[in-house]
Amino acid sequence: MSAIRSPLSDEARSVTGEALQGALVDLIDLSLFAKQLHWNVIGRNFRSVHRQLDEIVELARRYADAVAERAVAIGANPDGQSSTVARGTHLHGVEVGYLADEKVVRLIADVLAEVVTRMRIRMDATEQPDPVTQDLVIDVVRELEEQHWMFQAMV
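Heads up, the sequence shown is in full-length UniProt numbering, so the first residue is 1 and it goes up one at a time.
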(Lines of atoms letter the chains of each structure in order from A and count residues from 1; the text may use other names and numbers.)
(Lines give C-alpha, C1' and ligand atoms only; values in the text may rest on other atoms or scores of the structure.)
Protein backbone atom coordinates (compact mmCIF):
# COMPACT_ATOMS: atom_id res chain seq x y z
CA MET A 1 0.00 0.00 0.00
CA SER A 2 1.36 3.39 -0.91
CA ALA A 3 0.88 6.56 1.11
CA ILE A 4 0.14 9.99 -0.26
CA ARG A 5 2.86 12.46 0.60
CA SER A 6 3.15 16.15 -0.05
CA PRO A 7 6.03 18.59 0.18
CA LEU A 8 4.42 20.17 3.26
CA SER A 9 6.26 19.71 6.53
CA ASP A 10 4.65 17.46 9.14
CA GLU A 11 3.64 20.53 11.15
CA ALA A 12 2.16 22.31 8.12
CA ARG A 13 0.29 19.15 7.11
CA SER A 14 -1.07 18.76 10.65
CA VAL A 15 -2.33 22.36 10.88
CA THR A 16 -3.74 22.24 7.36
CA GLY A 17 -5.27 18.81 7.79
CA GLU A 18 -7.01 19.93 10.98
CA ALA A 19 -8.41 23.00 9.22
CA LEU A 20 -9.61 20.90 6.30
CA GLN A 21 -11.24 18.32 8.57
CA GLY A 22 -13.10 21.03 10.47
CA ALA A 23 -14.22 22.58 7.20
CA LEU A 24 -15.40 19.19 5.94
CA VAL A 25 -17.54 18.60 9.04
CA ASP A 26 -19.00 22.11 8.82
CA LEU A 27 -19.81 21.77 5.12
CA ILE A 28 -21.44 18.35 5.43
CA ASP A 29 -23.40 19.54 8.44
CA LEU A 30 -24.46 22.73 6.64
CA SER A 31 -25.70 20.73 3.66
CA LEU A 32 -27.80 18.51 5.94
CA PHE A 33 -29.13 21.46 7.94
CA ALA A 34 -30.10 23.39 4.80
CA LYS A 35 -31.76 20.31 3.29
CA GLN A 36 -33.81 19.78 6.46
CA LEU A 37 -35.03 23.38 6.23
CA HIS A 38 -35.62 22.98 2.47
CA TRP A 39 -37.97 20.04 3.04
CA ASN A 40 -39.99 21.73 5.77
CA VAL A 41 -40.25 25.41 4.86
CA ILE A 42 -43.74 26.83 4.36
CA GLY A 43 -45.15 30.31 3.89
CA ARG A 44 -45.62 33.17 1.49
CA ASN A 45 -41.97 33.07 0.37
CA PHE A 46 -41.80 29.28 0.20
CA ARG A 47 -40.62 29.00 -3.39
CA SER A 48 -37.73 31.45 -3.23
CA VAL A 49 -36.52 30.24 0.18
CA HIS A 50 -36.91 26.60 -0.87
CA ARG A 51 -34.80 27.18 -3.98
CA GLN A 52 -32.16 29.29 -2.24
CA LEU A 53 -31.69 26.56 0.38
CA ASP A 54 -30.88 24.14 -2.43
CA GLU A 55 -28.17 26.58 -3.59
CA ILE A 56 -26.59 26.29 -0.15
CA VAL A 57 -26.86 22.49 -0.25
CA GLU A 58 -25.16 22.37 -3.65
CA LEU A 59 -22.46 24.82 -2.57
CA ALA A 60 -21.75 22.91 0.65
CA ARG A 61 -21.62 19.53 -1.09
CA ARG A 62 -19.35 20.84 -3.87
CA TYR A 63 -16.90 22.37 -1.42
CA ALA A 64 -17.05 19.38 0.93
CA ASP A 65 -15.73 17.27 -1.93
CA ALA A 66 -13.04 19.85 -2.81
CA VAL A 67 -11.95 20.13 0.83
CA ALA A 68 -11.79 16.34 1.26
CA GLU A 69 -9.79 15.91 -1.94
CA ARG A 70 -7.40 18.68 -0.88
CA ALA A 71 -6.86 16.84 2.41
CA VAL A 72 -5.98 13.63 0.57
CA ALA A 73 -3.67 15.57 -1.75
CA ILE A 74 -1.59 16.73 1.23
CA GLY A 75 -1.59 13.30 2.88
CA ALA A 76 -4.34 13.89 5.45
CA ASN A 77 -7.26 11.48 5.52
CA PRO A 78 -10.66 13.19 5.54
CA ASP A 79 -13.47 11.72 7.64
CA GLY A 80 -16.96 12.63 6.52
CA GLN A 81 -18.78 9.76 8.20
CA SER A 82 -22.10 10.58 9.86
CA SER A 83 -20.73 9.66 13.30
CA THR A 84 -17.79 12.04 12.82
CA VAL A 85 -20.06 14.85 11.69
CA ALA A 86 -22.39 14.20 14.66
CA ARG A 87 -19.48 14.34 17.11
CA GLY A 88 -17.97 17.43 15.52
CA THR A 89 -21.08 19.48 14.85
CA HIS A 90 -21.38 23.04 16.08
CA LEU A 91 -24.88 23.42 14.64
CA HIS A 92 -28.03 23.02 16.65
CA GLY A 93 -30.80 21.01 15.08
CA VAL A 94 -34.25 22.34 14.34
CA GLU A 95 -37.59 21.03 15.47
CA VAL A 96 -39.26 18.48 13.26
CA GLY A 97 -42.25 19.73 11.31
CA TYR A 98 -43.18 22.67 9.17
CA LEU A 99 -41.21 25.86 9.66
CA ALA A 100 -42.38 29.31 8.67
CA ASP A 101 -40.31 30.92 5.95
CA GLU A 102 -39.42 33.87 8.21
CA LYS A 103 -38.06 31.52 10.84
CA VAL A 104 -36.13 29.52 8.25
CA VAL A 105 -34.51 32.68 6.90
CA ARG A 106 -33.39 33.71 10.39
CA LEU A 107 -32.13 30.19 11.20
CA ILE A 108 -30.07 29.80 8.04
CA ALA A 109 -28.69 33.36 8.29
CA ASP A 110 -27.50 32.63 11.84
CA VAL A 111 -25.99 29.27 10.86
CA LEU A 112 -24.22 30.78 7.86
CA ALA A 113 -22.72 33.46 10.11
CA GLU A 114 -21.41 30.77 12.48
CA VAL A 115 -19.92 28.68 9.68
CA VAL A 116 -18.32 31.73 8.04
CA THR A 117 -16.72 32.69 11.36
CA ARG A 118 -15.14 29.24 11.71
CA MET A 119 -14.07 29.23 8.05
CA ARG A 120 -12.35 32.60 8.50
CA ILE A 121 -10.40 31.14 11.44
CA ARG A 122 -9.31 28.30 9.15
CA MET A 123 -8.44 30.79 6.43
CA ASP A 124 -6.11 32.58 8.83
CA ALA A 125 -4.68 29.31 10.19
CA THR A 126 -3.68 28.06 6.73
CA GLU A 127 -2.13 31.30 5.45
CA GLN A 128 1.44 30.34 6.36
CA PRO A 129 1.46 26.53 6.33
CA ASP A 130 -0.38 26.10 3.02
CA PRO A 131 -1.50 29.06 0.88
CA VAL A 132 -3.05 26.62 -1.63
CA THR A 133 -5.47 25.38 1.03
CA GLN A 134 -6.02 28.95 2.18
CA ASP A 135 -7.04 29.81 -1.39
CA LEU A 136 -9.66 27.05 -1.31
CA VAL A 137 -10.97 28.24 2.06
CA ILE A 138 -11.14 31.80 0.71
CA ASP A 139 -13.39 30.54 -2.09
CA VAL A 140 -15.63 28.81 0.44
CA VAL A 141 -15.83 31.96 2.58
CA ARG A 142 -16.62 34.13 -0.45
CA GLU A 143 -19.57 31.98 -1.51
CA LEU A 144 -20.90 31.43 2.01
CA GLU A 145 -20.74 35.16 2.72
CA GLU A 146 -22.70 35.84 -0.45
CA GLN A 147 -25.41 33.42 0.68
CA HIS A 148 -25.34 34.97 4.16
CA TRP A 149 -25.88 38.43 2.65
CA MET A 150 -28.79 37.19 0.54
CA PHE A 151 -30.58 35.62 3.51
CA GLN A 152 -29.92 38.65 5.71
CA ALA A 153 -31.55 40.81 3.04
CA MET A 154 -34.76 38.77 3.44
CA VAL A 155 -35.11 39.45 7.18
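Ideal Cβ positions, reconstructed from N, Cα and C, are used throughout, including at glycine.
Own chain, CB closer than 7 Å to residue i, minus 5 neighbours either side, in chain order
i, result
"phenylalanine 33", "Leu91 and Val111"
"arginine 13", "Ser6, Ile74, Gly75 and Ala76"
"valine 155", "Val105, Arg106 and Ala109"
Helix, strand or coil at residue i according to DSSP, with G and I counted as helix
i, result
"alanine 64", "helix"
"valine 41", "strand"
"alanine 3", "coil"
"alanine 76", "coil"
"alanine 109", "helix"
"leucine 99", "strand"
"serine 9", "coil"
"alanine 23", "helix"
Whole-Å CB distance - residue i paired with residue j, under 8 Å assumed
i, j, result
"isoleucine 28", "valine 85", "5 Å"
"serine 31", "valine 67", "Serine 31 to valine 67, Cβ: 12 Å. No contact."
"isoleucine 108", "leucine 37", "6 Å"
"leucine 144", "valine 116", "5 Å"
Cβ-based neighbour list, residue i, same chain, cut-off 8 Å, excluding 5 preceding and 5 following
i, result
"glycine 22", "Gly88, Arg118 and Arg122"
"glutamine 52", "Gln147, Met150 and Phe151"
Residue from the options whose Cα sits closest to the Cα of residue i
i, options, result
"residue 189", "Ala109, Gly80, Gly75 and Gln152", "The shown model of the chain, from 1 to 155, leaves out residue 189, and the question about it has no answer."
"tryptophan 149", "Asp65, Val96 and Ala113", "Ala113"
"arginine 62", "Pro129, Val115 and Asp139", "Asp139"
"glutamine 147", "Asp54, Val15, Asp26 and Val25", "Asp54"
"phenylalanine 151", "Ala3, Ser48 and Val15", "Ser48"
"threonine 16", "Ser82, Gln128 and Ile4", "Gln128"
Close Cβ partners of residue i (< 6 Å) along its chain, the five nearest in sequence each way excluded
i, result
"alanine 19", "Arg122, Ala125 and Thr126"
Examine the Cβ distances between the stretch 96–106 and the stretch 34–43 and report whether three or more of them are shorter than 8 Å.
Result yes; three or more Cβ-Cβ pairs closer than 8 Å.
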